[in-house]
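Taking it in order: structure first as structure tokens, then the write-up.
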Amino acid sequence: MDSLKKELEEELKLSTDDLRSHAWYHGPLRREGAEQLFSRDGEFLVRDSSSSAGEYVLSCMWKNQPMHFKIIRVVLRPKQGYTRELFQFENDQFDNIPALIRFHVGGRRPISHSTGAVIFQPITRTVPLRIISERQAVRSSSSSLLTRGQSKRRSLSTSQRDTLQINSNNLLRSGSQPANLETVGRPSLQSAQSDSNLRTGVQQSCPSQESSPSPVSPVFRTGSEPVLSPATSCAAPPSQSSLGGCPLRGSDGQLHSRAPPKPLRISIVFTPTQPDSESDSTGLYGELVPQVPITMLPKGHAARLRAQERWTSRARITETSFGFLEAEKLEEERRVSKSIQEEERRVSKSIQEEERRVSKSIQEEERRVSKSIQEEERDWHFERPQTETTSCFRLDEFRSLMLPDNNRPLDQSVLLKVKELLTRTDARTTALHMLSVNCQVARVTGVTVEQKRIMGVETGLELITLPHGGQLRQDLLERHHTLALGVAVDLLGCTGTVGQRATVLHRIIQLAQELRSTTHDLYAFSAVMKALELPQVVRLEMTWRALRRNHTDSAVTFEKSLKPFMKSLNEGEGEGNDIVVSGPLSLPHIVPLLKLMEGEDSVESTDRGCQLLYNLLQSARNAALHANDCTQHALSLLSGKLLSQITSKFHK
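Heads up, the sequence shown is in the numbering used here, so the first residue is 676 and it goes up one at a time.
Okay, structure coming up:
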């Protein structure tokens, strides 16, 4: 059983276009076997036709009656040497039988309009096709052996349906004398028979007119007498005495001896034989009338009727193959081909005219562009970028209301003012102020034409990747370090209680969150995170404990969000990863690139040196490519009114 199951699985794994891959195909299953499998309406299967090799039959159950339909095969020969086969029932045609079955099962389409039969429940086979073929072969061989044995035991005219049905009122004449009355009702012989071939009269049952048609007259003409017409109704079977109880012997004396019959002058007409139940007779199939495809129906009722009549005459009803090779179709194809050629010539001509027109306009545009380029080349000349040697920070010229003229390093009064300013100002305003100054230092916004001429590029994000951008890289590193120190001093220089210092730490964490989420200034964000991760700040255990107790949200944000994000940025996975950084940036994280370009940070000291170097260079490339996007985003955040408010708060 396992081998049969495996063989069946191999058949079902074939291509879906292969009929053997579908479980509803039962191969050489006979009509009787198919009908025994049906139990309710809608069940169906496909089998091979026993009468027509290579053809297929759909067997189904509808209205509690089994029905059988030969699948029509349409052979198309659009050109010599090429043949295409289509399969259909009445309307739609398909390239293969599985597609035809899927169409009728899925759409619940009737197989024929006359029966209205609908299929939706397949009868699946449980054994391979080989087993079905072997079973049918065994049944056929046993049936043939039984038929051969019965034929040996029968005489010359043994089949009841081939026996001439002669009524007792019909007299057979031989020569010019009437035949012996004892022979009435017995089968006639085509030639003289010997005594051994004669038999006594046997009572014959008359078939009813409802079950079978009236048989053709078995009475034939012998001698010179005309053919006698049989009675229209069957008479009662004659008695044994009237038919003669014993066969006619040559030596028996009879009142009316019969002369040897003359040879027959006409052929005996036998009743039509009934079809064998084992074979597929065409008359036992459901009638399928191919319909005109909807796309080919002409307009008008009369034209449609004529088209349907021509279509019906093209195909033999319920036959499985027919071709469309008529003169009308060939003429239609020639007409369509001619119209297509004319259309192609017209389209080709219009295309050539359009190509000439477009080519002329392109040539004119090329001449105009070439002329303008030549004029620009005469007016434009390349200017070598300059290498800057002085810092953009001029401390001697810097003035601020927060610093006195004689400012001392780490003046307590100045530190107190800065702490009060940061406490009084919300984190968002402080983040926008830092973004404004950072964009000016990094030359993202406010870049003059003279600066662009000196740099040779549009923004500082491009300049830091070039050899002559060393001074800008040093300035940015210096500002980054100064920002980190300023935040650390603000936290460490707090002389208040532990709770006050925890409040300052809470404000700094809020500032870092605003720099990351609101202003998208990763440059300043990294400076604030650098200050929070300094060893001097990390050792403030009581301050961090108070932060977790009084400002739990800030503590969780710092540990779970800000620190992992900063680690990803330092490894070069930030700007190129949409999961880490979402949305546009005002200033990308450029500090690792600055250190790498200035030789301050060696990536070779880590185990992932090559990968880290690749990530940093890729981040620098992305920053240079999207420099204009960073400028536009920063300008959208730093509007004129908002910038004036920030300046008034910090420099009043």
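Think of the CB as a built atom: it goes at the ideal place given N, C-alpha and C, for glycine as much as any other residue.
Residue i vs residue j beta-carbon contact at 8 Å
i            : j            : result
residue 710  : residue 796  : no
residue 1118 : residue 1134 : yes
residue 722  : residue 701  : yes
residue 1156 : residue 1260 : no
residue 694  : residue 803  : no
residue 1310 : residue 1291 : no
residue 1075 : residue 1313 : no
residue 1159 : residue 1102 : no
residue 787  : residue 769  : no
residue 784  : residue 743  : no
residue 679  : residue 806  : yes
residue 1328 : residue 1089 : The requested residue 1328 does not occur in the structure, where the chain is confined to residues 676 to 1327.
residue 1212 : residue 1163 : yes
residue 1146 : residue 1063 : yes
residue 762  : residue 771  : yes
Residue i: first and last residue of the uninterrupted beta strand (DSSP E) it sits in
i            : result
residue 1210 : Careful: residue 1210 lies outside any beta strand (DSSP E), inside the alpha helix (DSSP H) at 1210-1213.
residue 735  : 731-737
residue 742  : 740-745
residue 652  : No statement about residue 652 is possible, as the shown extent of the chain runs from 676 to 1327 and does not include it.
Close-in-space but distant-in-sequence residues of the same chain around residue i (CB under 7 Å, 5 per side omitted)
i            : result
residue 724  : 730, 731, 732, 745 and 955
residue 1229 : 1181, 1184, 1185 and 1222
residue 995  : Reliability of the predicted coordinates at residue 995 is poor, the pLDDT of 41 falling under 50, and the value obtained from them is presented with this limitation in mind. Within the same chain, residue 995 has close Cβ partners 727, 730, 745, 746, 747 and 748.
residue 1298 : 1136, 1250, 1263 and 1265
residue 1253 : Annotation note: pLDDT 43 at residue 1253 (below 50); position unreliable, no value reported.
residue 887  : With a pLDDT of 40 at residue 887, under the threshold of 50, the modelled position of this residue cannot be trusted; read the value that follows with caution. Cβ within range, chain order: n/a, list empty.
residue 1173 : 1217, 1218 and 1221
residue 1131 : 1060
Close Cβ partners of residue i (< 6 Å) along its chain, the five nearest in sequence each way excluded
i            : result
residue 868  : Bear in mind that a pLDDT of 39 at residue 868, under 50, signals an unreliable position, so the model cannot answer this.
residue 1109 : 1199
residue 712  : 798
residue 940  : Its pLDDT being 43, under 50, residue 940 is placed unreliably by the model, and the measurement read from it follows with that caveat. So no residue of the chain qualifies.
residue 1019 : none
residue 791  : 785
residue 833  : Because residue 833 carries a pLDDT of 41, less than 50, the predicted location of this residue cannot be relied on, and no value is offered for it.
residue 682  : 803
Rounded Cβ spacing between residue i and residue j (contact assumed at less than 8 Å)
i            : j            : result
residue 1198 : residue 1301 : With a Cβ gap of about 15 Å, residue 1198 and residue 1301 do not count as contacting.
residue 814  : residue 698  : Residue 814 to residue 698, Cβ: 22 Å. No contact.
residue 1068 : residue 1150 : 6 Å
residue 1268 : residue 1139 : 7 Å
residue 1148 : residue 1273 : 6 Å
From the options, residue whose alpha carbon lies closest to that of residue i
i            : options                   : result
residue 696  : 704, 707, 684 and 1193    : 684
residue 1165 : 1203, 1135 and 1130       : 1203
residue 1143 : 1101, 1065, 1218 and 1205 : 1065
residue 1245 : 1139, 1307, 1087 and 1289 : 1289
residue 1240 : 1187, 1275 and 1273       : 1187
residue 1091 : 808, 1170, 705 and 1140   : 1170
residue 1125 : 1086, 1082, 1060 and 1147 : 1060
residue 812  : 764, 735, 704 and 768     : 704
residue 1189 : 1045, 1022, 1106 and 1176 : 1106
residue 1209 : 1238, 1231 and 1192       : 1238
residue 1296 : 1308, 1232 and 1141       : 1141
residue 793  : 761, 1014, 808 and 736    : 736
residue 1152 : 1201, 1225 and 1168       : 1201
residue 1294 : 1306, 1308, 1243 and 1282 : 1243
residue 1129 : 1025, 1058, 782 and 1033  : 1058
Beta carbon proximity, residue i to chain C, threshold 8 Å
i            : result
residue 1153 : The structure shown contains no chain C; it holds only a single protein chain.
Same chain only: Cβ atoms within 8 Å of residue i, ignoring 5 sequence neighbours per side
i            : result
residue 1121 : 1114 and 1115
residue 1127 : 1133
residue 1303 : 1133 and 1134
residue 1276 : 1267 and 1270
residue 689  : 695 and 696
residue 1085 : 1164 and 1168
Residue interval of the alpha helix (DSSP H) (run including residue i)
i            : result
residue 723  : Residue 723 -> not in any alpha helix (DSSP H); beta strand (DSSP E) instead, spanning 718-723.
residue 1125 : 1124-1130
residue 1077 : Unbroken run through residue 1077: none, as it is neither H nor E.
residue 706  : 706-712
residue 1304 : 1302-1312
residue 1165 : 1145-1167
residue 1329 : Any property of residue 1329 remains undetermined from this structure, which presents the chain solely from 676 to 1327.
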